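Engineer:
Number of protein chains: 2
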Amino acid sequence: MQVNDDSPTNDTALKVSCSQCNLTGLCLPVGLSNQEINLIDQIVSTRRRIKRQQNLYRVGDHFTAIFSIRSGSFKTDILTEDGREQVTGFQMTGEILGLDGIGSATHACNAIALEDSEVCVINFKDLERLSREIESLQHQFHKIMSQEIVRDQGVMMLLGSMRAEERLAAFLLNLSQRFTARGFSASEFHLRMTREEIGSYLGLKLETVSRAFSHFHENGYIQVQQKHIRILDAQGLKNILQPNENDDPDCVTKKTA
Amino acid sequence: MQVNDDSPTNDTALKVSCSQCNLTGLCLPVGLSNQEINLIDQIVSTRRRIKRQQNLYRVGDHFTAIFSIRSGSFKTDILTEDGREQVTGFQMTGEILGLDGIGSATHACNAIALEDSEVCVINFKDLERLSREIESLQHQFHKIMSQEIVRDQGVMMLLGSMRAEERLAAFLLNLSQRFTARGFSASEFHLRMTREEIGSYLGLKLETVSRAFSHFHENGYIQVQQKHIRILDAQGLKNILQPNENDDPDCVTKKTA
DNA sequence: CGTATCCTTGATTCGCTTCAACATTAGTGG
DNA sequence: CCACTAATGTTGAAGCGAATCAAGGATACG
Chain A
-7 MQVNDDSPTN
3 DTALKVSCSQ
13 CNLTGLCLPV
23 GLSNQEINLI
33 DQIVSTRRRI
43 KRQQNLYRVG
53 DHFTAIFSIR
63 SGSFKTDILT
73 EDGREQVTGF
83 QMTGEILGLD
93 GIGSATHACN
103 AIALEDSEVC
113 VINFKDLERL
123 SREIESLQHQ
133 FHKIMSQEIV
143 RDQGVMMLLG
153 SMRAEERLAA
163 FLLNLSQRFT
173 ARGFSASEFH
183 LRMTREEIGS
193 YLGLKLETVS
203 RAFSHFHENG
213 YIQVQQKHIR
223 ILDAQGLKNI
233 LQPNENDDPD
243 CVTKKTA
Chain B
-7 MQVNDDSPTN
3 DTALKVSCSQ
13 CNLTGLCLPV
23 GLSNQEINLI
33 DQIVSTRRRI
43 KRQQNLYRVG
53 DHFTAIFSIR
63 SGSFKTDILT
73 EDGREQVTGF
83 QMTGEILGLD
93 GIGSATHACN
103 AIALEDSEVC
113 VINFKDLERL
123 SREIESLQHQ
133 FHKIMSQEIV
143 RDQGVMMLLG
153 SMRAEERLAA
163 FLLNLSQRFT
173 ARGFSASEFH
183 LRMTREEIGS
193 YLGLKLETVS
203 RAFSHFHENG
213 YIQVQQKHIR
223 ILDAQGLKNI
233 LQPNENDDPD
243 CVTKKTA
């Protein structure tokens, strides 16, 4: 609660303020009145800058706060004893990081910036206190946690029952949809992660990801130039996700007949 | 709040009561005082019996409550358009079902009883109201949601970077640990799910699951008789999860050399 | 301009799936 | 009680999709 004035003046002198943030439609304060957002300003007191490749937090770090991405993007991952990496998610502006730490007071994954980024620090004790007072904040927070659970179930679906190209198609469509929600082009964007990181997330090797990109390109679904992606035929990608739909010439659609 | 005086002596038959439940060490009321548990009794007002193979809820059902498993066990799953099933989890006594519904007011998966079961119905609006009053309840609920997120990340790890036998070993050890927490044997238990359901959960075909069971049996790690499992060598199973440890005779550990 | 990182593509290998046959168990009704 | 059936589980053989191994190309960076 105490507003500590350690170096707020140096680079940009940004006073953190949800009420003046253009991300309230995506972030924690969704559905709150202006008055309520002013109250949130009390608990979102600081920002943190994270340089590319640096950790926002690591496995085992003591949990005290969750983070809302103000700018930039992150990946979360877990490492096995023998060094294998599993990327568990990619996060972009307005999305919340750190929910994994609540259950054990210790973070269960690493959060690493994919580019120079900035996050709003939300002290969790303060958030719990305020959400006992503001019903809509409480509910919004519960929604965010639940949506994370549902997202994770979608990833299980992807990893457990989809083939390589289905996974990549689902991934691209998901990115496109999230860029759209942020006012960016649905059809043209820059990947912030490497093929290896995409592969880790999708349970594939980087070569397989690369080959799938090339194949999509051959079929005219996308243009690929390194990390620059342009979706030319979103429907073509969607058709990949429904393997036995009418895009198979040998398969007569019987359900509509 | 008023301390209601329905004393523990007055053993009213079917009245649901957290305060008289032996699962409070596993369930929602973990860490609550007796007085606080009495307050929870207000919101956990009903039970529901679910017969084997029946749904507790389905995708698209309107969300109003979460459920705590009083007895029995469940699976949760998602179906793709083309009929493929992805099991997203197996739940046993004391575990909470329905958290997937909070985010969109609609359930995102199916919950199906693996045996005749009974759940406590926790109206969610009531839970939110009460957790605005009881700090420890609020925190416990947040912990449960967070632990679900961490669990899901573990499944991602499993599906994304483990091979078939690693997955099954991890699955068996996880079951063993959960049975132990419930006072059952760590080394001997009955599977409540079919090979196909295990396979779906682990991203494998049922034949692969069956073969992995047989292989574990050959190696003396387990005894298998249909759904009855006895773990003979838990360390053997654990070693499967660390592939490049010293259990491989051909592999000279170079990192220490 | 040279080096490191990232990406692409080809050839080969391997693990899991698919297909198939049969075994076991449980439930049903004569 | 046993024959019958359906569901479930085991095992073998063949095929396929992704991993692995390997080489070269593109791009960013100091």
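Just so you know, the sequences run in chain order A and B.
One point on numbering: in the working numbering, the residue at position 74 of the first sequence is 66, and numbering is uninterrupted.
One point on numbering: in the working numbering, the residue at position 40 of the second sequence is 32, and numbering is uninterrupted.
Just so you know, even glycine gets a beta-carbon here, dropped at the ideal spot from N, CA and C.
For clarity, every value in this text was computed on a predicted model and none was experimentally measured.
What residues in the segment 29 to 54 of chain A bring their beta carbon closer than 7 Å to a beta carbon of chain B?
Structural biologist: Taking 7 Å as the Cβ-Cβ cut-off against chain B, none of the residues of the segment 29 to 54 of chain A qualify.
Engineer: Nearest CA to the CA of B:Val36: which residue from B:Val113, B:Ser63, B:Phe66 and B:Ser177?
Structural biologist: B:Val113
Engineer: Runs of 3 residues minimum, wholly inside the segment 88 to 166 of chain B: which ones carry the beta strand (DSSP E) assignment?
Structural biologist: 102 to 105 and 109 to 115
Engineer: Are the Cβ atoms of B:Val79 and B:Tyr213 separated by less than 8 Å?
Structural biologist: no
Engineer: Can you tell me which residues form a DSSP beta bridge with A:Thr186?
Structural biologist: Partner(s): none; A:Thr186 has no beta bridge.
Engineer: In the DSSP assignment, what are the bridge partners of A:Phe181?
Structural biologist: Note: A:Phe181 sits in a beta bridge opposite A:Ile221.
Engineer: Could you tell me whether the Cβ atoms of B:Phe59 and B:Ile88 are closer together than 8 Å?
Structural biologist: Yes; because the gap between Cβ atoms is below 8 Å, this pair is in contact.
Engineer: Would you give the residue range spanned by the alpha helix (DSSP H) that B:Val201 belongs to?
Structural biologist: Leu198 to Glu210
Engineer: If you reduce the DSSP assignment to three classes, tell me which class A:Phe176 lands in.
Structural biologist: coil
Engineer: Would you mind sorting A:Gln130 into buried or exposed? The rule is 16 or more other CB atoms within 10 Å of its CB.
Structural biologist: Flag for A:Gln130 reads buried.
Engineer: Any beta-carbon of chain A closer than 8 Å to the one on B:Gln227?
Structural biologist: no
Engineer: Which word fits A:His54, buried or exposed, when buried means at least 16 other C-beta atoms lie within 10 angstroms of its C-beta?
Structural biologist: exposed
Engineer: Does DSSP put B:Asp69 in a helix, in a strand, or in coil?
Structural biologist: Three-state result, B:Asp69: strand.
Engineer: Could you give the distance in angstroms between the alpha-carbon of B:Gly146 and the alpha-carbon of B:His99?
Structural biologist: 22 Å
Engineer: Does the beta-carbon of B:Arg251 have 16 or more other beta-carbons within 10 angstroms, so that it is buried, or is it exposed?
Structural biologist: The first residue shown for chain B is -7 and the last is 249, placing residue 251 of chain B beyond what the model contains.
Engineer: For chain B, check one thing: does any of its Cβ atoms lie closer than 8 Å to the Cβ of A:Glu169?
Structural biologist: Residue identity check: residue 169 of chain A is Gln in the sequence provided, not Glu. A:Gln169 does not count as touching chain B.
Engineer: Determine, for A:Gly152, whether the minimum Cβ-Cβ distance to residues of chain B falls below 8 Å.
Structural biologist: Yes - at least one Cβ of chain B is within 8 Å of the one on A:Gly152.
Engineer: Judging by CA-CA distance, which residue of B:Gln45, B:Ser128, B:Glu127 and B:Ala57 is the nearest neighbour of B:Glu189?
Structural biologist: B:Gln45
Engineer: Compute the Euclidean distance between the alpha carbons of B:Gly86 and B:Phe163, then round it to the nearest angstrom.
Structural biologist: Taking the straight line from one Cα to the other gives about 19 Å.
Engineer: Assuming B:Leu233 is part of the beta strand (DSSP E), what are its boundary residues?
Structural biologist: Per DSSP, B:Leu233 belongs to no beta strand (DSSP E); it is in the alpha helix (DSSP H), Ala226 to Leu233.
Engineer: In the DSSP assignment, find the alpha helix (DSSP H) that holds B:Gln27 and state where it starts and stops.
Structural biologist: Asn26 to Ile35
Engineer: Could you give the C-beta distance for B:Thr68 and B:Gly52, rounded to a whole number, given that I count them as a contact under 8 Å?
Structural biologist: The beta carbons of B:Thr68 and B:Gly52 sit about 14 Å from each other, so the pair does not count as a contact at 8 Å.
Engineer: Quick one: what's got a C-beta closer than 7 Å to B:Asp3's C-beta in the same chain, skipping five residues either side?
Structural biologist: Low confidence applies here, because B:Asp3 scores a pLDDT of 32, under 50, leaving its location unreliable; read the following figure in that light. Result list for B:Asp3: empty, nothing under 7 Å.
Engineer: Counting only beta-carbon atoms, is A:Ser202 nearer than 8 Å to chain B?
Structural biologist: Chain B, which has no Cβ nearer than 8 Å to the Cβ of A:Ser202, makes this no.
Engineer: What's the gap between the Cα of B:Glu158 and the Cα of B:Phe181?
Structural biologist: 20 Å
Engineer: Which first and last residues belong to the beta strand (DSSP E) in which A:Phe59 is found?
Structural biologist: Ala57 to Ser63
Engineer: So, is the C-beta of A:Gly23 closer than 8 Å to a C-beta in chain B?
Structural biologist: no
Engineer: Could you check whether the segment 211 to 227 of chain A touches the segment 148 to 157 of chain A, counting it as contact only if at least three pairs of C-beta atoms, one from each stretch, sit closer than 8 Å?
Structural biologist: no
Engineer: How long is the line joining the alpha carbons of A:Ile29 and A:Met185, rounded to whole angstroms?
Structural biologist: Between A:Ile29 and A:Met185, the C-alpha separation is close to 33 Å.
Engineer: Could you tell me whether any Cβ in chain A is nearer than 8 Å to the Cβ of B:Asp118?
Structural biologist: no
Engineer: So with CB distances below 9 Å, who are the chain B contacts of A:Thr80?
Structural biologist: Asp144, Gln145, Met148, Met149 and Gly152
Engineer: For B:Arg170, which of helix, strand or coil comes out of DSSP?
Structural biologist: helix
Engineer: Can you tell me whether DSSP reads B:Leu18 as helix, strand or coil?
Structural biologist: coil
Engineer: Give the C-beta separation of B:Ile94 and A:Ser138 to the nearest angstrom, bearing in mind that I take them to be a contact with Cβ-Cβ under 8 Å.
Structural biologist: Indeed, because the Cβ distance is near 4 Å, the residues count as touching under 8 Å.
Engineer: Checking contacts by CB at 8 Å: is A:Glu127 closer than that to chain B?
Structural biologist: Yes, A:Glu127 lies at the interface with chain B (some Cβ there is under 8 Å from its Cβ).
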